[in-house]
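*Asks:* After the structure tokens below, expect a handful of questions from me.
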Amino acid sequence: MNRKEKDILWLGEEYASLGPAVRAALGILLERGEWGWWDARALIPVQLEKAIRRNGPVCWGGDASVLNAEQWVDPLRAITLGRAFENLPGREMPAIKLSRSVWDWEGGADTIAAVLSELSLLVGPGYVFPEWQRNAKPRFPRIHKERPRSYMAAGPDLPFENLLEGESEQLSWELATRRDDVVDILVVRNLESLRAVTAAKLVIIQGNPLGRVLAQVSRLRDDLSAQCVLQVDADNHDVVHWLHGVLRLWSYAGMTFAHAVRQAADDRGLQFHVLSSTQSFLNVRGGFPEDSMTKARRVPGPVRRDPGPERLQPGVVESFSRELVKDTPTSVPPEEIAPKVSTPEITTRPFDEHRVPVPRPMPDTQSPSTSREVISRPRRPVKAKPSPPIERVLTASARQGRQPVDYWPTTGQVELDLAIVVKTPLQSGTLTFPEDRIEWVSDYKVLQIHLFEFGQAPVTHSLYLPKTDGSEVVTFTREGRCGEVDLRFVVSDGAQILQTARLQARPNETISFFIENVVTPLHREKKTFDLALLVNDSLGNQPSVSIITQAGKPIFVPLGDDEIAEARKQMLFTLQSAVDNDDADLAPLMMDLANDGALLQRFLIEREPQWPGNEGCLQLVSQDHAFFPIEYLYDGPIPRSRKAPLCSQRVTCLKRGSAEPGCEIRRAREQLCPMGFLGISGIIERHTWTPGQAPNLWDRPPVEQRGRHRIDDLSKVVFTASDRADEFWDGDVEQEVVRLQTIEKALAVKRVATWEDWISRLELESPSMLLMILHKDRNWLYTGAEDSLSLGGISEQHVGGAPLVIAVGCSTGLGELPGSSLPAILRNCGASVVIAAMTSVLGRHANRVARDLAKHLRQAASAWGTVHIGEIISALRRQLLIEGVAMGLAVVAFGDADIALGKEGR
327 MNRKEKDILW LGEEYASLGP AVRAALGILL ERGEWGWWDA RALIPVQLEK
377 AIRRNGPVCW GGDASVLNAE QWVDPLRAIT LGRAFENLPG REMPAIKLSR
427 SVWDWEGGAD TIAAVLSELS LLVGPGYVFP EWQRNAKPRF PRIHKERPRS
477 YMAAGPDLPF ENLLEGESEQ LSWELATRRD DVVDILVVRN LESLRAVTAA
527 KLVIIQGNPL GRVLAQVSRL RDDLSAQCVL QVDADNHDVV HWLHGVLRLW
577 SYAGMTFAHA VRQAADDRGL QFHVLSSTQS FLNVRGGFPE DSMTKARRVP
627 GPVRRDPGPE RLQPGVVESF SRELVKDTPT SVPPEEIAPK VSTPEITTRP
677 FDEHRVPVPR PMPDTQSPST SREVISRPRR PVKAKPSPPI ERVLTASARQ
727 GRQPVDYWPT TGQVELDLAI VVKTPLQSGT LTFPEDRIEW VSDYKVLQIH
777 LFEFGQAPVT HSLYLPKTDG SEVVTFTREG RCGEVDLRFV VSDGAQILQT
827 ARLQARPNET ISFFIENVVT PLHREKKTFD LALLVNDSLG NQPSVSIITQ
877 AGKPIFVPLG DDEIAEARKQ MLFTLQSAVD NDDADLAPLM MDLANDGALL
927 QRFLIEREPQ WPGNEGCLQL VSQDHAFFPI EYLYDGPIPR SRKAPLCSQR
977 VTCLKRGSAE PGCEIRRARE QLCPMGFLGI SGIIERHTWT PGQAPNLWDR
1027 PPVEQRGRHR IDDLSKVVFT ASDRADEFWD GDVEQEVVRL QTIEKALAVK
1077 RVATWEDWIS RLELESPSML LMILHKDRNW LYTGAEDSLS LGGISEQHVG
1127 GAPLVIAVGC STGLGELPGS SLPAILRNCG ASVVIAAMTS VLGRHANRVA
1177 RDLAKHLRQA ASAWGTVHIG EIISALRRQL LIEGVAMGLA VVAFGDADIA
1227 LGKEGR
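In our numbering, each residue carries its 1-based index in the sequence shown increased by 326.
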């Protein structure tokens, strides 16, 4: 796959052309070692403009990972980088110098050639040049004899008669026949001809593959004391005329050498590259500096060595017109000009070398000249430097005894060594995890790694994780065998799933280990759960539930085609019936739902007797297309008759948020208590993953800043809705009538009616909350007057970095196929929390729920104190049940339920 195809997959057809600009901007920022822009995209233009404000060329490089940015930079950040580069101030673009470290990247000269070509196409030839591969500063030899005009040589591979056509008042062509010749300019076609002279300031190479020529650049610096090397795609005739143009513009027009080369190439329509050069040579004006071999320059006395390119001075040769003077009087050696002291080159230190200055210890003696006490000023705290993308993830290797194995053996015992390591997309430098992001206080944390395999008992090992480093190694053992191997490893902190990984293999075939899902980063400190569940149908290609208790005990529960699997389907059908039919009596439908929920909970309690009650706090991790109705598990007595009414005192309990302790009505089992549903009384945190899709390890959630997981501003809302949401009569609604205009007025927003306008509005406003009332038909989303968007076409541009998304519509919470769940797609595109519906919904209720959710969330964010999103969802469900609207039961949140809303302290 070529670079263009990769950019299309990465950025899409519309933005693929930004790929080179993205890599240009990224290389500049990485070379500076600044990472504040990674968590704040708004800083990208600011920091990029700051980088090019310095005098001289801007350095490019930093880390080889810039070449595979599509693997770790999300499209939204990438597009921001590309646009920031394209929108740099309109003044002349400074030259881009490829840092010396780029020579050490994999591919060497070929990599330099690829980067040089791409950046030259982006900003123009001559604006990009590599730094010399080695920091050598050879001195150019001075010559005793006087020579007319600039002295130039050509390699023996160039026809001498063609060169004679270039004889002029500015140049003297000569065939280089002596190895000790020292020239101003050397022109060759055959790289072997580079050995024709002893020294040459400007080396011009015709043709030849760019990578092959670049491999010779360091030799030219060392062997010929070259100060600039150019590659030109031209024949002999064109190169002569081009070179005449360069010298004319350089000498007479007062251009810098770099500008003269570019202008002459444009005039002749030639392609060229600056393969390497000293910065001073590119910037010099008026022709070769005064140590050039010209008639006006006489060097009496013994042979000396030139002080080198760092002392190039404005030339005695102000123009080549001096070369035309035939009767030149005896010249007086020019007055020596004091050399300028060049500013030492500032190099970026590795990330792990930044240290806080430590004050020297003060001596015990006190100066006798002062009687006042020395008052030490408190040191200003040093602000932690923003870190690059970095994460700690599980890794694994296999061995038999001390012998590593890459293929699964059919006999013998296999040891699987697992550990948590610090991982980053950067390819250079040794990093530790930044301590300022660690939310726990102790020096280490004890985690658990659970091994699950279909048909086998789970195995658990404890794992000690230091604060900023990787963990120790723990070992699991399995027997080699002839069948397929499918293992799941779950990293947990008690009843909280943090990461899941898979190891798969076939006999005598390569072992595959990959991270399946990152649920919660390891540096987080979250509230504990009573229970964690992982539901999937991929382990062993069989449906199952993996349960982890608060004590860290793993339980594996297969789910076959039995009554439990059927109960899950029946619960979804019952829920859909309760939401769809306004005319139906709510009590019988709630009874059906409670009955199914009680059966499923009874099944689970048989496997785990310590199953929490209806007020528990549970974490659910599932595949995006696997429906597991945890919200509808029912705890408590069930009335015997389906005709039983809802509890007559339910309003009091629903408003309070908890059931009446020791309630006689529940004990009598004559009425149904809605507080028995886990989704009404408890807190649930849902997470999903898409099988076969690698998690984005580097895209930190927008709300994660310095250990704070709080949203305190939801004032910016962007709203879109399908026209179908208003297709109902006012008389169809017994409660408040809420139409799309009602929502616009309540939230002070204007509805966006097309997906194209949606993306434009997100780019313009950078909202903190998105509100979407959509019509979903299979794998298509419709807004406005049936403006369609494919689920596969949703990208980061459709989320715009907003941390919170409300997406209410027809079954927006479910997907029929892996990867087709809207919440999973939106979260993969950068949203931290997505609130969606598990069933089809009626527009008249969707409008009401969407408005109330947005209002409550916005108010909670702007208020003082702390409210969690999971609590707001549960409160909305209870309020809707008070009003007899069942839709609240279908609304669920995907993502961190403990993300806080509200302002801290006062």
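Where a beta carbon is used, it is the ideal one built from N, C-alpha and C, also for glycine. Keep in mind the model is a prediction, meaning the values are calculated, not measured.
If you draw a straight line from the alpha carbon of residue 346 to that of residue 1115, how long is it in whole angstroms?
*Replies:* If you number the sequence shown from 1, residue 346 lands on position 20. If you number the sequence shown from 1, residue 1115 lands on position 789. Taking the straight line from one Cα to the other gives about 28 Å.
*Asks:* Please report the Cβ distance between residue 882 and residue 778, rounded to the nearest whole angstrom; I am assuming they are in contact, meaning their Cβ atoms lie under 8 Å.
*Replies:* Residue numbering aside, residue 882 sits at position 556 when the sequence shown is read from its first letter. Residue numbering aside, residue 778 sits at position 452 when the sequence shown is read from its first letter. Between residue 778 and residue 882 the Cβ distance is about 6 Å, and since that is below 8 Å, they are a contact.
*Asks:* How is the beta strand (DSSP E) around residue 780 delimited, first residue to last?
*Replies:* Position 454 of the sequence shown, counted from the start, is the residue given in the question as residue 780. Counting along the chain, residue 780 falls outside any beta strand (DSSP E), and DSSP gives it neither H nor E.
*Asks:* What is the rounded straight-line gap between the Cα of residue 983 and the Cα of residue 409?
*Replies:* In the sequence shown, residue 983 corresponds to position 657, counting from 1. In the sequence shown, residue 409 corresponds to position 83, counting from 1. Those two C-alpha atoms are separated by around 49 Å.
*Asks:* Kindly confirm or deny that the stretch 1191–1202 and the stretch 990–1001 touch, where touching means at least three C-beta pairs closer than 8 Å.
*Replies:* No: fewer than three Cβ pairs fall under 8 Å.
*Asks:* Here's a check: name, in chain order, each residue in its chain whose Cβ is nearer than 8 Å to the Cβ of residue 534, leaving out the five neighbours to either side.
*Replies:* Numbered from 1 along the sequence shown, position 208 holds the residue referred to as residue 534. Closer than 8 Å at Cβ, skipping near neighbours: 515, 517, 557.
*Asks:* Sort out for me which residues DSSP pairs residue 302 with in a bridge.
*Replies:* Limits of the chain in this structure are 327 at one end and 1232 at the other, which puts residue 302 out of reach.
*Asks:* Taking three-plus beta-carbon pairs below 8 Å as touching, is the stretch 421–438 in contact with the stretch 386–393?
*Replies:* The stretch 421–438 vs the stretch 386–393: in contact.
*Asks:* Which stretch, first to last residue, makes up the beta strand (DSSP E) that contains residue 1106?
*Replies:* Translated into the one-based positions of the sequence shown, residue 1106 becomes position 780. That run of the beta strand (DSSP E) goes 1106–1109.
*Asks:* Return the chain-ordered list of same chain residues with a C-beta closer than 7 Å to the C-beta of residue 1128, the five sequence neighbours on each side being excluded.
*Replies:* Counting from 1 along the sequence shown, the entry for residue 1128 is found at position 802. Excluding positions up to five away in sequence, the list reads 1093, 1094, 1095, 1096, 1157.
*Asks:* Name the two residues that bound the continuous beta strand (DSSP E) containing residue 765.
*Replies:* Taking the sequence shown and counting its residues from 1, one reaches residue 765 at position 439. From DSSP, residue 765 is part of no beta strand (DSSP E); its letter is neither H nor E.
*Asks:* Flag this pair as touching only if the stretch 1148–1163 and the stretch 1119–1134 have three or more C-beta atom pairs under 8 Å; answer yes or no.
*Replies:* Enough Cβ pairs lie closer than 8 Å, so yes.
*Asks:* Counting beta carbon pairs with one atom in the stretch 999–1011 and one in the stretch 965–984, are three or more of them shorter than 8 Å?
*Replies:* Yes, they touch.
*Asks:* Relative to the C-alpha of residue 738, which residue among 726, 365, 730 is closest?
*Replies:* For the purposes of this step, residue 738 is identified with residue 412 of the sequence shown, where counting begins at 1. Measuring from the Cα of residue 738, the nearest candidate turns out to be 726.
*Asks:* Anyone know if the C-beta pair for residue 792 and residue 769 falls short of 8 Å?
*Replies:* Translated into the one-based positions of the sequence shown, residue 792 becomes position 466. Translated into the one-based positions of the sequence shown, residue 769 becomes position 443. Contact: yes.
*Asks:* Across which residues does DSSP place residue 1221 in a beta bridge pair?
*Replies:* Numbered from its first residue, the sequence shown carries residue 1221 at position 895. DSSP, once it has assigned bridges, lists 1159 as partnering residue 1221.
*Asks:* Which partner residues of residue 969 appear in the DSSP bridge assignment?
*Replies:* Looking up residue 969 in the sequence shown gives position 643. Bridge partners of residue 969: none, in fact.
*Asks:* What separation, rounded to the nearest whole angstrom, lies between the Cα atoms of residue 463 and residue 606?
*Replies:* For this step, residue 463 is matched to residue 137 along the sequence shown. For this step, residue 606 is matched to residue 280 along the sequence shown. Those two C-alpha atoms are separated by around 13 Å.
*Asks:* Considering Cα atoms alone, identify which of 1226, 711, 1214, 1197 is closest to residue 1191.
*Replies:* The residue given as residue 1191 occupies position 865 in the sequence shown. Of the candidates 1226, 711, 1214, 1197, the one whose C-alpha sits nearest the C-alpha of residue 1191 is 1226.
*Asks:* Taking C-beta to C-beta, are residue 529 and residue 540 nearer than 8 Å?
*Replies:* Here residue 529 refers to the residue found at position 203 of the sequence shown. Here residue 540 refers to the residue found at position 214 of the sequence shown. No, these two residues do not count as a Cβ contact at 8 Å.
*Asks:* Assign residue 797 to buried or exposed, taking buried as 16 or more other Cβ atoms, counted over all protein chains shown, within 10 Å of its Cβ.
*Replies:* One-based indexing of the sequence shown puts residue 797 at position 471. Classification of residue 797: buried, given that the 10 Å Cβ count is 16 or more.
*Asks:* Run through the DSSP bridge pairs and tell me what residue 1015 is partnered with.
*Replies:* Position 689 of the sequence shown, counted from the start, is the residue given in the question as residue 1015. Answer by DSSP bridge pairing, in chain order: 949.
*Asks:* Sorted by chain position, which residues of the same chain lie with C-beta nearer than 7 Å to residue 583's C-beta, five sequence neighbours on each side aside?
*Replies:* Within the sequence shown, residue 583 is the residue found at index 257, counting from 1. Here the set comprises 576, 607, 608, 610.
*Asks:* Taking the runs of the beta strand (DSSP E) that are 3 residues or longer, which of them lie wholly in the stretch 383–421?
*Replies:* For the stretch 383–421, whole beta strand (DSSP E) runs of length 3 or above, ordered along the chain, are 384–386.
*Asks:* Would residue 880 and residue 784 qualify as a contact pair, given that the criterion is a beta-carbon distance under 8 Å?
*Replies:* Residue 880 sits at position 554 when you count from the first residue of the sequence shown. Residue 784 sits at position 458 when you count from the first residue of the sequence shown. Yes. Within cutoff.
*Asks:* Distance, Cα to Cα, residue 847 vs residue 824?
*Replies:* Counting from 1 along the sequence shown, the entry for residue 847 is found at position 521. Counting from 1 along the sequence shown, the entry for residue 824 is found at position 498. Near 7 Å, if we compare the C-alpha coordinates of residue 824 and residue 847.
*Asks:* Could you pull out every residue in the same chain whose Cβ sits closer than 6 Å to the Cβ of residue 712, ignoring the five residues on either side in sequence?
*Replies:* Numbered from 1 along the sequence shown, position 386 holds the residue referred to as residue 712. 361, 362.
*Asks:* Using 8 Å as the threshold, is the C-beta distance between residue 856 and residue 1166 below it?
*Replies:* Here residue 856 is taken as the residue at index 530 of the sequence shown, counted from 1. Here residue 1166 is taken as the residue at index 840 of the sequence shown, counted from 1. No, Cβ-Cβ distance for residue 856 and residue 1166 is not below 8 Å.
*Asks:* When burial is assigned at 16 or more other CB atoms within 10 Å of the CB, is residue 803 buried or exposed?
*Replies:* If you number the sequence shown from 1, residue 803 lands on position 477. Looking at its Cβ environment, which holds fewer than 16 other Cβ atoms inside 10 Å, residue 803 is exposed.
*Asks:* Report the rounded CA-to-CA distance for residue 466 versus residue 551, giving the unit in angstroms.
*Replies:* Counting from one through the sequence shown, the residue named residue 466 turns up at place 140. Counting from one through the sequence shown, the residue named residue 551 turns up at place 225. Each residue's Cα considered, the two are about 6 Å apart.
*Asks:* So for residue 999, helix, strand or coil by DSSP?
*Replies:* As a working mapping, residue 999 is identified with position 673 in the sequence shown. Coil, per DSSP.
*Asks:* Taking just the CA atoms, how far does residue 863 sit from residue 892?
*Replies:* Walking along the sequence shown from the start, residue 892 turns up at place 566. Walking along the sequence shown from the start, residue 863 turns up at place 537. Spanning the two alpha carbons is a distance of roughly 15 Å.
*Asks:* In or out: residue 976 buried (at least 16 other Cβ within 10 Å) or exposed?
*Replies:* In the sequence shown, counting from the first residue as 1, residue 976 sits at position 650. With 16 or more other Cβ atoms within 10 Å, it is buried.
*Asks:* Using the Cβ count rule (16 or more neighbours within 10 Å means buried), how would you classify residue 1060?
*Replies:* The residue given as residue 1060 occupies position 734 in the sequence shown. Classification of residue 1060: exposed, given that the 10 Å Cβ count is below 16.
*Asks:* Counting only the same chain and skipping the five closest in sequence on each side, list residues whose C-beta sits under 6 Å from that of residue 563.
*Replies:* Taking the sequence shown and counting its residues from 1, one reaches residue 563 at position 237. So the list is empty, once near-sequence residues are dropped.
*Asks:* Classify residue 733 as buried or exposed, calling it buried when 16 or more other Cβ atoms lie within 10 Å of its own Cβ.
*Replies:* For this step, residue 733 is matched to residue 407 along the sequence shown. It is exposed - the Cβ of residue 733 has fewer than 16 other Cβ atoms within 10 Å.
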